[in-house]
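Numbering (my numbering), first residue to last: 20 to 280.
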């Protein structure tokens, strides 16, 4: 179960400043948020958080994986346009979404299948994200990647050539983690910068569905992203397609082998 620790800097350096809009490209921003912890007691693992803000052609805003709500952040976002969509891209990235919904009741909540059953907070979902049925087909592509323990909705913002992920790639910077034990766990999980990827437990989640994962990676590569925004750790401001190939190199190797006559 997640636990918020907004003022705790002892275990993990955050991407300061937090809770402010940071421009990425035209009509695209990120917001680095507070630390959130998963687990219980000494086994709790700290995660940095990150929200992506997209502005559609009609001015409507999408908040992807919302971070903690603050009055100043809310005001700054509302200056960009009306918030119409709140996106929970997987069953782990929803914790602060009900807070945003409470102050923006007209915003539509979009989520992957199964979120309401697994969520530790009450959350009302207006529309499910399934398959490739993007709610914004002219501007943002959707790809839902299903696993046994985790299903993730991937977005691709065409105008900026930006791929938006949450946990399919995690890229923790060891220098930002103060505990040697947690640094060791990150490395063992395979989620340490500069070779960040999905941690081992999530990779196992896709073992029985590796064919579907292979097709999903093939689609993401076909989009040829220039950058990749992720929720945890250092995101990729350039060389997005190359980083995607690196992070999914085992899958990419299979794709290449299958395509070789």
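Just so it is clear, CB atoms sit at the ideal spot from N, CA and C, and this is done for glycine as well.
Run the CB neighbour count on residue 66, radius 10 Å, all protein chains shown included, and call it buried at 16 or more, exposed below. buried
Best match in 120, 83, 89 for proximity to residue 39 [C-alpha to C-alpha]: 89
Taking contact to mean at least 3 C-beta pairs separated by less than 8 Å, is the region 63-83 in contact with the region 138-151? no
Rank 220, 93, 83, 119 by C-alpha distance to the C-alpha of residue 168 and give the top, closest one. 220
Just to confirm, are residue 252 and residue 171 a CB contact at a threshold of 9 Å? no
Nearest to residue 44 (by Cα), restricted to the options 181, 197, 198: 181
Separation of residue 107 from residue 267, as counted between CA atoms: 23 Å
Give me the Cα-Cα distance between residue 246 and residue 159, rounded to the nearest whole angstrom. 15 Å
Quick one: which unbroken alpha helix (DSSP H) runs of 4-plus residues sit fully inside the region 105-184? Chain order, please. Every alpha helix (DSSP H) stretch that sits fully inside the region 105-184 and reaches 4 residues is listed by chain position as 116-122, 134-137.
From residue 30 to residue 211, what distance separates their C-alpha atoms? Straight-line Cα distance between these residues: approximately 16 Å.
Strictly by DSSP, which residues pair up with residue 102? Answer is 80.
Unbroken beta strand (DSSP E) run spanning residue 64, endpoints: 64-74
May I have the straight-line CA-CA distance separating residue 52 from residue 37, to the nearest angstrom? 5 Å
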